[in-house]
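Residue numbers (the working numbering): 1147 to 1300.
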(Lines of atoms letter the chains of each structure in order from A and count residues from 1; the text may use other names and numbers.)
(Lines give C-alpha, C1' and ligand atoms only; values in the text may rest on other atoms or scores of the structure.)
Protein backbone atom coordinates (compact mmCIF):
# COMPACT_ATOMS: atom_id res chain seq x y z
CA UNK A 1 0.00 0.00 0.00
CA UNK A 2 1.39 3.39 -0.99
CA UNK A 3 2.15 6.04 1.59
CA UNK A 4 -0.31 8.92 1.78
CA UNK A 5 1.04 12.27 0.70
CA UNK A 6 1.11 14.93 3.39
CA UNK A 7 0.66 18.52 2.26
CA UNK A 8 -0.25 17.31 -1.26
CA UNK A 9 -2.97 19.93 -1.67
CA UNK A 10 -0.26 22.54 -2.30
CA UNK A 11 1.25 20.57 -5.20
CA UNK A 12 0.33 20.95 -8.87
CA UNK A 13 -1.33 17.81 -10.23
CA UNK A 14 1.64 16.74 -12.40
CA UNK A 15 3.98 16.84 -9.40
CA UNK A 16 1.47 14.99 -7.24
CA UNK A 17 1.29 12.21 -9.85
CA UNK A 18 5.09 11.96 -9.94
CA UNK A 19 5.30 11.79 -6.15
CA UNK A 20 2.59 9.14 -5.96
CA UNK A 21 4.39 7.07 -8.59
CA UNK A 22 7.72 7.36 -6.80
CA UNK A 23 6.20 6.50 -3.43
CA UNK A 24 4.50 3.46 -4.95
CA UNK A 25 7.70 2.15 -6.56
CA UNK A 26 10.57 3.22 -4.30
CA UNK A 27 10.63 1.84 -0.75
CA UNK A 28 13.72 3.93 -0.04
CA UNK A 29 12.03 7.17 -1.06
CA UNK A 30 8.96 6.17 0.93
CA UNK A 31 11.03 5.60 4.06
CA UNK A 32 12.86 8.89 3.56
CA UNK A 33 9.54 10.74 3.29
CA UNK A 34 8.21 9.49 6.64
CA UNK A 35 8.03 12.19 9.30
CA UNK A 36 9.21 14.92 6.92
CA UNK A 37 8.27 18.46 7.95
CA UNK A 38 5.95 20.54 5.81
CA UNK A 39 8.77 23.00 5.13
CA UNK A 40 11.12 20.24 3.93
CA UNK A 41 8.32 18.64 1.92
CA UNK A 42 7.50 21.84 0.06
CA UNK A 43 11.20 22.64 -0.48
CA UNK A 44 11.75 19.17 -1.95
CA UNK A 45 8.82 18.79 -4.31
CA UNK A 46 9.55 21.43 -6.88
CA UNK A 47 9.35 21.22 -10.66
CA UNK A 48 12.59 20.59 -12.53
CA UNK A 49 13.35 24.29 -13.15
CA UNK A 50 13.08 25.07 -9.42
CA UNK A 51 14.41 21.83 -7.90
CA UNK A 52 17.54 22.04 -5.80
CA UNK A 53 20.28 19.51 -5.18
CA UNK A 54 22.68 19.29 -2.23
CA UNK A 55 25.80 21.42 -2.51
CA UNK A 56 28.92 21.50 -0.40
CA UNK A 57 28.05 24.38 1.93
CA UNK A 58 26.91 25.20 5.46
CA UNK A 59 23.28 25.70 4.42
CA UNK A 60 22.95 22.09 3.24
CA UNK A 61 25.29 20.56 5.79
CA UNK A 62 25.30 22.59 9.03
CA UNK A 63 27.84 21.52 11.65
CA UNK A 64 27.11 20.25 15.11
CA UNK A 65 29.54 20.70 17.97
CA UNK A 66 28.13 18.03 20.25
CA UNK A 67 30.45 15.77 22.19
CA UNK A 68 27.75 13.09 22.40
CA UNK A 69 28.25 10.23 19.93
CA UNK A 70 24.51 9.52 19.65
CA UNK A 71 23.74 13.15 18.81
CA UNK A 72 26.55 13.18 16.25
CA UNK A 73 25.40 9.99 14.55
CA UNK A 74 21.78 11.19 14.44
CA UNK A 75 22.94 14.47 12.89
CA UNK A 76 24.87 12.62 10.16
CA UNK A 77 21.85 10.39 9.44
CA UNK A 78 19.54 13.40 9.13
CA UNK A 79 21.93 15.20 6.77
CA UNK A 80 22.29 12.08 4.61
CA UNK A 81 18.54 11.46 4.49
CA UNK A 82 17.82 15.08 3.57
CA UNK A 83 20.32 14.94 0.72
CA UNK A 84 19.11 11.53 -0.48
CA UNK A 85 15.51 12.76 -0.70
CA UNK A 86 16.55 15.56 -3.02
CA UNK A 87 18.80 13.36 -5.17
CA UNK A 88 16.13 10.65 -5.55
CA UNK A 89 13.47 13.23 -6.39
CA UNK A 90 15.80 14.81 -8.98
CA UNK A 91 16.73 11.52 -10.64
CA UNK A 92 13.58 9.43 -10.39
CA UNK A 93 10.85 12.00 -9.92
CA UNK A 94 12.01 14.64 -12.35
CA UNK A 95 14.41 12.63 -14.56
CA UNK A 96 17.05 15.31 -14.04
CA UNK A 97 20.51 15.36 -15.56
CA UNK A 98 22.76 12.58 -14.25
CA UNK A 99 25.83 14.83 -14.27
CA UNK A 100 24.10 17.11 -11.78
CA UNK A 101 23.30 14.07 -9.66
CA UNK A 102 26.92 12.90 -9.71
CA UNK A 103 28.15 16.29 -8.51
CA UNK A 104 25.53 16.37 -5.79
CA UNK A 105 26.37 12.84 -4.61
CA UNK A 106 30.05 13.78 -4.52
CA UNK A 107 29.32 16.98 -2.57
CA UNK A 108 27.16 14.99 -0.14
CA UNK A 109 29.92 12.45 0.47
CA UNK A 110 32.53 15.19 0.96
CA UNK A 111 30.28 17.09 3.36
CA UNK A 112 29.48 13.99 5.42
CA UNK A 113 33.17 13.09 5.68
CA UNK A 114 33.97 16.67 6.69
CA UNK A 115 31.21 16.51 9.31
CA UNK A 116 32.60 13.22 10.64
CA UNK A 117 36.07 14.77 11.05
CA UNK A 118 34.66 17.80 12.91
CA UNK A 119 32.63 15.45 15.10
CA UNK A 120 35.69 13.31 15.81
CA UNK A 121 37.50 16.42 17.02
CA UNK A 122 34.57 17.31 19.30
CA UNK A 123 34.34 13.76 20.62
CA UNK A 124 38.03 13.35 21.48
CA UNK A 125 38.62 16.85 22.88
CA UNK A 126 36.87 16.24 26.25
CA UNK A 127 38.96 13.12 26.84
CA UNK A 128 42.34 14.21 25.49
CA UNK A 129 42.07 17.99 25.40
CA UNK A 130 42.30 20.18 22.35
CA UNK A 131 44.79 18.59 20.02
CA UNK A 132 47.47 20.90 18.71
CA UNK A 133 48.79 20.95 15.21
CA UNK A 134 47.13 17.89 13.71
CA UNK A 135 45.04 16.73 10.85
CA UNK A 136 43.00 13.69 9.99
CA UNK A 137 43.45 11.66 6.86
CA UNK A 138 40.24 10.21 5.47
CA UNK A 139 40.69 7.48 2.91
CA UNK A 140 37.55 6.68 0.97
CA UNK A 141 37.65 3.18 -0.42
CA UNK A 142 35.75 2.56 -3.61
CA UNK A 143 32.98 0.21 -4.52
CA UNK A 144 35.29 -2.80 -4.24
CA UNK A 145 35.96 -2.17 -0.56
CA UNK A 146 39.58 -1.32 -1.13
CA UNK A 147 40.38 -4.17 -3.47
CA UNK A 148 41.20 -1.69 -6.21
CA UNK A 149 43.52 0.18 -3.81
CA UNK A 150 45.23 -3.05 -2.74
CA UNK A 151 45.63 -4.14 -6.36
CA UNK A 152 47.20 -0.80 -7.22
CA UNK A 153 49.76 -1.18 -4.41
CA UNK A 154 50.90 -4.65 -5.48
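Here a beta-carbon is modelled for each residue, glycine too, at the ideal position from N, C-alpha and C. Just so you know, these numbers come straight off a predicted model, no measurement behind them.
In terms of alpha-carbon separation, which member of 1262, 1201, 1216 and 1188 lies closest to residue 1246? As a working note, residue 1246 is residue 100 in the chain shown. Checked all of 1262, 1201, 1216 and 1188; the closest Cα to residue 1246 is 1201.
Go through its chain and collect everything with a Cβ distance to residue 1194's Cβ below 7 Å, but skip five positions before and after it. As a first step, residue 1194 must be located in the chain shown, where it is residue number 48. Only 1240 and 1242 meet the Cβ criterion.
Rounded to the nearest angstrom, what separates residue 1179 and residue 1231 at their Cα positions? Here residue 1179 refers to the residue found at position 33 of the chain shown. Here residue 1231 refers to the residue found at position 85 of the chain shown. Each residue's alpha carbon lies about 7 Å from the other.
Determine the extent of the alpha helix (DSSP H) in which residue 1163 is found, giving its start and end residues. Taking the chain shown and counting its residues from 1, the one referred to as residue 1163 is at position 17. 1159–1171 is the span of the alpha helix (DSSP H), which, as asked, contains residue 1163.
Every unbroken alpha helix (DSSP H) within the stretch 1173–1258, with a cutoff of 4 residues, ordered by chain: 1173–1179, 1184–1190 and 1215–1234
By a C-beta neighbour count over all protein chains shown, 10 Å radius and 16 as the cutoff for buried, is residue 1171 buried or exposed? If you number the chain shown from 1, residue 1171 lands on position 25. The residue in question, residue 1171, is exposed, as its Cβ has fewer than 16 Cβ neighbours within 10 Å.
Does the Cβ of residue 1198 have 16 or more other Cβ atoms within 10 Å, making it buried, or fewer, making it exposed? Numbered from 1 along the chain shown, position 52 holds the residue referred to as residue 1198. Exposed is the call here.
Do residue 1234 and residue 1280 have their CB atoms nearer than 7 Å? In the chain shown, counting from the first residue as 1, residue 1234 sits at position 88. In the chain shown, counting from the first residue as 1, residue 1280 sits at position 134. Result no, Cβ atoms of residue 1234 and residue 1280 do not sit closer than 7 Å.
Near residue 1237, which residues of its chain fall below 8 Å by C-beta distance, leaving aside the five closest residues on each side in sequence? Stepping through the chain shown from its first residue, residue 1237 is reached at position 91. The answer, listed in chain order, is 1244 and 1247.
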